[in-house]
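S.K.:
Residue numbers (the numbering used here): 9 to 373.
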């Protein structure tokens with residue numbers, strides 16, 4: 009691990025000593041990324057968790073726009089274990105924790121009702137990654153997932169970077185992965201965003217105005233597994249092709265919203281071509297004026313409105329009640345290994361998994 013760049017004096021108010029700990033003979037640490045415009049991102053190598061993203065509002069006031077923690081113990085013990093972490097080997101759900109690949113059935117750890125969620129309880133979010141800070145704005149993470157880890161086949165070598173762009177306030181996440189045998193891969197970041205800034209209590213995101221570049225989504229059943237249908241958003245509360253406040257329709261007695269206790273669905277993104285880096289979603293906070301645009305090469309994006317947050321405490325005494333965040337998780341569709349008509353999540357030994365997702369911040373007067 010390399011951390012030769014200063015961490016003290018960061019505007020998030022985090023202390024490096026609070027993030028230095030040995031966990032299963034690997035050391036954790038605090039890393040600070042920043043650009044010349046003043047944007048600052050704090051991360052740790054436990055789960056590659058993002059601890060804070062400091063960006064200005066329309067008056068130039070900086071605030072942390074993700075639900076973060078202020079010590080490694082809080083990260084490890086969080087009631088929301090996926091808070092702002094890297095998710096793998098498979099983000100989202102796999103039905104009954106089982107899938108068949110080239111005739112061989114694989115059984116995964118079940119950790120979400122009858123299903124496997126986000127790679128299982130000891131997935132990538134709960135691992136200490138090797139970390140090398142390249143420069144003031146970039147950090148590189150590496151992790152080797154063993155063959156059979158949480159039931160997934162193949163030894164997977166993962167390389168990922170977080171980079172704060174120099175001339176715009178944007179965080180770019182790039183992923184690469186290779187395997188020594190056929191496997192399934194679906195990596196994502198589970199950032200919990202609130203453009204108002206975290207507080208005690210952190211306000212609801214129901215006033216945030218969201219636009220999603222998607223004509224279709226994947227409806228779910230009562231345990232949040234896709235039915236297999238690719239459904240039109242048109243004429244439903246799932247339609248964000250034009251701007252809507254999150255809370256405008258979230259409590260309607262629409263079956264999909266009942267199943268998800270709000271929005272917790274994968275949108276089928278409109279793409280210019282397969283793998284192109286396109287605008288997927290825009291989120292605006294009318295009060296602060298902060299705006300976030302999400303760009304991704306992925307085919308899908310899970311929108312989750314923090315429906316199961318329960319008010320637990322985070323950084324500097326901030327608390328996170330239900331619907332105090334919205335997540336934009338770029339990914340393959342859920343349960344793809346069991347849905348042959350969904351775009352494939354299979355990775356073969358001669359191929360390389362690649363993904364780029366960008367979270368760009370600005371203000372609207």
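Backbone N, C-alpha and C fix where the C-beta goes; we use that ideal spot for every residue, glycine too.
Closest by CA to residue 334, which one among 347, 32, 345 and 317?
M.R.: 317
S.K.: Could you have a look at residue 24 and say whether DSSP puts it in helix, strand or coil?
M.R.: In this structure, residue 24 counts as helix in the three-state DSSP scheme.
S.K.: Please report the residue range of the beta strand (DSSP E) in which residue 310 lies.
M.R.: 308–312
S.K.: Please classify residue 84: does DSSP put it in a helix, a strand, or coil?
M.R.: helix
S.K.: Going by DSSP, name the residue or residues bridged to residue 30.
M.R.: In the DSSP output, where bridge partners are listed per residue, residue 30 has 35.
S.K.: Using DSSP's beta-bridge definition, name the partner residues of residue 399.
M.R.: Residue coverage of the chain in this structure runs from 9 to 373, which leaves residue 399 outside it and unanswerable.
S.K.: Apart from the five residues on each side of it in sequence, which residues of its chain come closer than 8 angstroms, Cβ to Cβ, to residue 278?
M.R.: 221, 222, 223 and 286
S.K.: Please list, in chain order, all residues of the same chain as residue 185 whose beta carbon is under 6 angstroms from its beta carbon, the five residues on each side excluded.
M.R.: 164, 166, 193 and 361
S.K.: Considering only their Cβ atoms, is the gap separating residue 80 from residue 26 smaller than 8 angstroms?
M.R.: The answer is yes: Cβ separation under 8 angstroms.
S.K.: Give the list of continuous alpha helix (DSSP H) stretches no shorter than 4 residues that lie fully inside the segment 243–287.
M.R.: 263–268
S.K.: Looking only at its chain, what residues have a beta carbon closer than 7 angstroms to the beta carbon of residue 117, apart from the 5 residues adjacent to it on each side?
M.R.: 105, 124, 128, 129, 158 and 159
S.K.: In or out: residue 307 buried (at least 16 other Cβ within 10 Å) or exposed?
M.R.: By the 10 Å Cβ count, residue 307 comes out buried.
S.K.: May I have the straight-line CA-CA distance separating residue 177 from residue 145, to the nearest angstrom?
M.R.: 11 angstroms
S.K.: Hey, quick one: how far does the beta strand (DSSP E) through residue 147 stretch, first residue to last?
M.R.: 146–153
S.K.: Could you name each continuous beta strand (DSSP E) segment of 3 residues or more that falls completely within the segment 65–151, going from the start of the chain to the end?
M.R.: 70–72, 106–109, 112–115 and 138–143
S.K.: Helix, strand or coil for residue 239 per DSSP?
M.R.: strand
S.K.: Among 63, 182, 175 and 161, which one has its Cα closest to the Cα of residue 169?
M.R.: 182
S.K.: Where does residue 373 sit, in a helix, a strand or coil, going by DSSP?
M.R.: coil
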